[in-house]
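Each remark here refers to the structure printed beneath this line.
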Amino acid sequence: MHGGTHETLTGPSVIERAHTMREAVLAARNSGRTVGLVPTMGALHEGHLSLLDAARAECDVTVVTIFVNPTQFGPGEDFRRYPRDLEQDVALVGGRGCDLVFAPSGDEMYRADHATFVDVGPLGSVLEGEFRPTHFRGVATVVLKLFLLAPADRAYFGRKDYQQTLVVRQMVADLNVPIDVRVCPIVREADGLAMSSRNAYLSEAERQRALTLPRSLRVAEELVASGERDVANIRRQMQQEIDRARGIDVQYIAFVKDGTVTPVERIEGPTTIAMAAKVGATRLIDNTLVVC
Ligand code: AMP
């Protein structure tokens, strides 16, 4: 199809070519409209759609990008089996008023001899980075490429990926990227599990065990609400909650000054509690913000 743009009767335009994407965004901005960008890896759920809702509320034109970015997966991770369903994703975002979908192929995003990566510094090697050492350089690289290909006014990210929001904000500040980064709240299932495309990997039994993550975060929230300030005590009680369910392999529980990855020993201001755990073969992350 000409220019790689597919018009459908009811849904958004699906763009596959990088130059077409850039032209579409520049045309919108040149005509005085604001553009909101929502980068995703597809397999969309209400968490993603909440970002689109936020973008629609603030911007004239919304762009959702759908690209399973190979450079943010490590060896042995789930790049190949990551869920992909473009048709359903386009229908979902179309139903929520998205104007443009950017769904490039791997070859369109990365030249065969691609060699340039964004080094995110120490932020990339702690918490998630300890377990996924090349993850954030892949994230920062693809996000910067998407910001260049779809030079929007604002870009929307979920707090579900707390450290990712720090990486993106740092990159935008360090590299003078002219885009306003917005961070939206975590969307959860009715039973508390943070929505994630990877929840699809869970068996029914694992799905129940996975509730241990939000439950342990609730334990922490309640302790802080009741006046507990000592991180070691809170951590201990979270671990007790986790130990009640078998088969949860906690990778980290971190208490950090909100907006940073700096550990705290006492809750004395806005503090993010971030955790990662494997439930069977599936690696899940979750976090909460506590204030006192
Ligand atoms: P992903 O497709 O996993 O790369 O996620 C794309 C964007 O959606 C990221 O900014 C995520 O933080 C955000 N996101 C994913 N899950 C949720 C959720 N449960 N609540 C809010 N945002 C989310």
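Heads up: the sequence shown begins at 2 in the working numbering, then just goes up one per residue. Backbone N, C-alpha and C fix where the C-beta goes; we use that ideal spot for every residue, glycine too. Given the structure is predicted, the values throughout are model-derived calculations rather than measurements.
Let me make sure I understand the geometry here. Which of the options has the alpha-carbon closest to that of residue i?
{"i": "residue 266", "options": "234, 219, 59", "result": "234"}
{"i": "residue 231", "options": "268, 94, 218, 208", "result": "268"}
{"i": "residue 66", "options": "144, 123, 114, 12", "result": "144"}
{"i": "residue 119", "options": "80, 171, 75", "result": "171"}
{"i": "residue 41", "options": "114, 161, 290, 205", "result": "161"}
{"i": "residue 192", "options": "175, 210, 112, 245", "result": "210"}
In terms of residues, what are the limits of the alpha helix (DSSP H) holding residue i?
{"i": "residue 243", "result": "232-245"}
{"i": "residue 40", "result": "From DSSP, residue 40 is part of no alpha helix (DSSP H) but of the beta strand (DSSP E) over 36-41."}
{"i": "residue 159", "result": "Segment 155-159 is the beta strand (DSSP E) holding residue 159; no alpha helix (DSSP H) there."}
{"i": "residue 132", "result": "129-132"}
{"i": "residue 26", "result": "19-31"}
{"i": "residue 51", "result": "47-59"}
{"i": "residue 108", "result": "107-110"}
If we cut at 8 Å on Cβ distances, does residue i have a partner in chain D?
{"i": "residue 95", "result": "Protein chains in the displayed structure number just one, and chain D is not present."}
Report yes if the C-beta of residue i is less than 7 Å from at least one heavy atom of the ligand AMP; otherwise report no.
{"i": "residue 196", "result": "yes"}
{"i": "residue 161", "result": "yes"}
{"i": "residue 276", "result": "no"}
{"i": "residue 21", "result": "no"}
{"i": "residue 103", "result": "no"}
{"i": "residue 49", "result": "yes"}
{"i": "residue 52", "result": "yes"}
{"i": "residue 165", "result": "yes"}
{"i": "residue 42", "result": "yes"}
{"i": "residue 158", "result": "yes"}
In terms of residue numbering, what span does the beta strand (DSSP E) encompassing residue i cover?
{"i": "residue 101", "result": "101-103"}
{"i": "residue 282", "result": "First-last for residue 282: undefined, no H or E at that position."}
{"i": "residue 250", "result": "249-258"}
{"i": "residue 15", "result": "14-16"}
(request) Note down, one range per segment and in chain order, each beta strand (DSSP E) of at least 3 residues found wholly within the region 62-89. (result) 62-67
(request) Taking only runs that begin and end inside the region 146-229, name each unbroken beta strand (DSSP E) of 3 or more residues, in chain order. (result) 155-159, 181-185
(message) Contact between the region 101-113 and the region 67-80 is defined here as three or more beta-carbon pairs at a separation below 8 Å; is this criterion met?
(response) yes
(request) Flag this pair as touching only if the region 9-25 and the region 49-60 have three or more C-beta atom pairs under 8 Å; answer yes or no. (result) Between the region 9-25 and the region 49-60, the count of Cβ pairs shorter than 8 Å is below three; the stretches do not touch.
(message) When you compare the region 200-214 with the region 272-288, are there three or more beta-carbon pairs, one atom per stretch, that lie closer than 8 Å?
(response) yes
(message) Using 8 Å as the cut-off, can you tell me whether the region 150-160 makes contact with the region 177-193, which would need three or more C-beta pairs spanning the two stretches below that distance?
(response) yes
(message) Any contact between the region 26-38 and the region 79-88? By contact I mean 3 or more CB pairs, one from each, below 8 Å.
(response) no
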